[in-house]
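Q: I'd like to ask some things about the structure below.
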Amino acid sequence: MTQQPDNGPPPLYTPQKIEELRVRLLGSTVKRALIIVLGGKGGVGKTNSAMQIADFLASLGQVLVIDADLANGHFYRAFTQDGPSGKREPSRAGIRPIQHRVRAEDHAGRIDPTACQDMMAAIGEAPEPFVVIDFPAGDTDTTQRCAEIIVGECHENDIRLIVVVIVGPVDPTPLKVLPSLLPLLRECDRPILAKNTHTGVNFEYLEGSEVYQELQALPSIHITEIEPIGERITEALRVHNVPWDVLATATPMRIRVEARRLRRKFHDMWLEAIAHEAV
1 MTQQPDNGPP PLYTPQKIEE LRVRLLGSTV KRALIIVLGG KGGVGKTNSA
51 MQIADFLASL GQVLVIDADL ANGHFYRAFT QDGPSGKREP SRAGIRPIQH
101 RVRAEDHAGR IDPTACQDMM AAIGEAPEPF VVIDFPAGDT DTTQRCAEII
151 VGECHENDIR LIVVVIVGPV DPTPLKVLPS LLPLLRECDR PILAKNTHTG
201 VNFEYLEGSE VYQELQALPS IHITEIEPIG ERITEALRVH NVPWDVLATA
251 TPMRIRVEAR RLRRKFHDMW LEAIAHEAV
C-alpha cells in the first residue's frame, strides 16, 4: 500500500461548502458535536463506521477521535503511525487521536463511573468542534452507566449529541442490546440506527421486533443502511491502516476509483444521518 504524503490529499470541499455543511451538522447556534458509535458485539462494522464518520468530519474541521474500545485498538491505529521515538503519533492533519478507557470497576467489581467522567471532562475541554468515540463492543452495562453523565456533560457544554448504533443482519444480538440503549437514544439530539449490509440484507428479525417499533417512534430517529466494502479496500483499512483520504487519492487506479466512490457515498450518507433537522 501507499504512505500519505506530508502535505496530504487536496481538500474535498471549498471553504464556502465547508461552512454550509458545518451549519447543516451543528445548526445555527451549537458550535460542537459529539458522535458516539456503538455496536452490540464485535464484527458488526462499528469501528469501520466510526472511521467513515471521522473521515467525513475531518474534511470540515478539526476532529478529536477517541478509541474507547481498548481491546480492539484499531480506531486509534487508523489515525496514527510509528514516530521516530517508536511511539505512535498522528498520521493525518486535522485529526487528534487518543485512547481513553471508559469502563472502570470498584473493588467489588461494580462499574465505577470515574473513567467516563474523566473522558467527558476531556471532551468538554477539547478545542475541536467534532468528537468521535468508538465505544467498546457489546459493553451495554458501561454505556447505560455512562448515559446520564454523557447527556449531562453535553447539555452543560452546549454540545450536540449524536448516538449511532450499528447492527448486522440475521444476528439477534440487537434485540437484547437495543432495549438497554433506549434511554440514551431518547435523550440524545440525534439517534441513528445503521444497518450494515456487508454480510447480508435480511433484517426481518429486527424490523419485526417491538424495540424496532419503539425506535421508529423516536421523533428525531434516522435509520440508514451502510453499503458493503469490497475485500481489497477492507484489507487496506484494517490490515494496512490506509485512511480513506489516501485510499481515494493516492492508491493504484483499480483501488482508487472504487475508494473514491465509496468515500463520497459514505460522506453523503453520514451527512444525511447526522444533519440538524432545523436547518
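Its first residue numbered 1, the sequence shown is counted upward by one per residue in the UniProt record's numbering. Every residue, glycine too, gets a C-beta built ideally from N, C-alpha and C.
So Leu271 is in the alpha helix (DSSP H); what residue range does that whole segment cover?
A: Residue mapping note: residue 271 aligns to position 271 of the sequence shown, counting from 1. It spans Met253 to Ile274 - the alpha helix (DSSP H) in which Leu271 sits, taken as one unbroken run.
Q: Rounded to whole angstroms, what is the Cα-Cα separation between Arg32 and Phe79?
A: What you label residue 32 is simply residue 32 of the sequence shown in a count that begins at 1. What you label residue 79 is simply residue 79 of the sequence shown in a count that begins at 1. Taking the straight line from one Cα to the other gives about 21 Å.
Q: In three-state terms, what does DSSP make of Ala108?
A: Position 108 of the sequence shown, counted from the first residue, corresponds to residue 108. Coil.
Q: Between which two residues does the beta strand (DSSP E) containing Asp189 stretch?
A: Residue mapping note: residue 189 aligns to position 189 of the sequence shown, counting from 1. Run containing Asp189: none; DSSP gives neither H nor E here.
Q: Roughly how many angstroms lie between the CA atoms of Asp158 and Arg254, to the nearest whole one?
A: The count along the sequence shown starts at 1 and reaches residue 158 at position 158. The count along the sequence shown starts at 1 and reaches residue 254 at position 254. So the two alpha carbons sit approximately 44 Å from each other.
Q: Leaving out the 5 sequence neighbours to the left and right, which residues in its chain are closer than 6 Å to Ile53 when beta-carbon positions are compared?
A: Looking up residue 53 in the sequence shown gives position 53. Contacts found: Ile35, Val132 and Trp270.
Q: When you compare the segment 19-33 with the segment 53-64, are there three or more beta-carbon pairs, one atom per stretch, that lie closer than 8 Å?
A: Yes, since at least three Cβ pairs between the segment 19-33 and the segment 53-64 fall closer than 8 Å, the two stretches touch.
Q: Rounded to a whole number of angstroms, what is the C-alpha to C-alpha distance between Ile233 and Arg256?
A: Position 233 of the sequence shown, counting from 1, holds the residue named residue 233. Position 256 of the sequence shown, counting from 1, holds the residue named residue 256. Ile233 and Arg256: Cα-Cα distance of roughly 9 Å.
Q: Please work out which residues of its chain come closer than 7 Å, Cβ to Cβ, to Ala50, disregarding the five sequence neighbours upstream and downstream, and give them in chain order.
A: Position 50 of the sequence shown, counted from the first residue, corresponds to residue 50. For Ala50, where only same-chain residues beyond five positions count, the Cβ hits under 7 Å are Val37, Phe75, Val132 and Asp134.
Q: Taking the alpha-carbon of His155 as reference, which of Ala121, Val177 and Gln144 has the nearest alpha-carbon?
A: Taking the first residue of the sequence shown as position 1, residue 155 is located at position 155. For His155, the nearest C-alpha among the options comes from Ala121.
Q: Return the CA-CA distance between Pro219 and Pro228, expressed in angstroms with no decimal places.
A: Here residue 219 corresponds to residue number 219 of the sequence shown, with the count starting at 1. Here residue 228 corresponds to residue number 228 of the sequence shown, with the count starting at 1. If I take the Cα positions, the gap works out to 28 Å.
Q: Taking Val167 as the reference, give the member of Thr47, Val23, Leu12 and Ile66 with the closest Cα.
A: Your numbering for residue 167 matches position 167 in the sequence shown. Nearest of Thr47, Val23, Leu12 and Ile66 to Val167, Cα basis: Thr47.
Q: Helix or strand or just coil, what does DSSP make of Glu225?
A: Locating residue 225 in the sequence shown gives position 225, counting from the first residue. Residue state, collapsed to three classes: strand.
Q: If we count Cβ pairs, one from each stretch, closer than 8 Å, do we get three or more for the segment 183-198 versus the segment 144-154?
A: Touching, yes, given that three or more Cβ pairs across the two stretches are closer than 8 Å.
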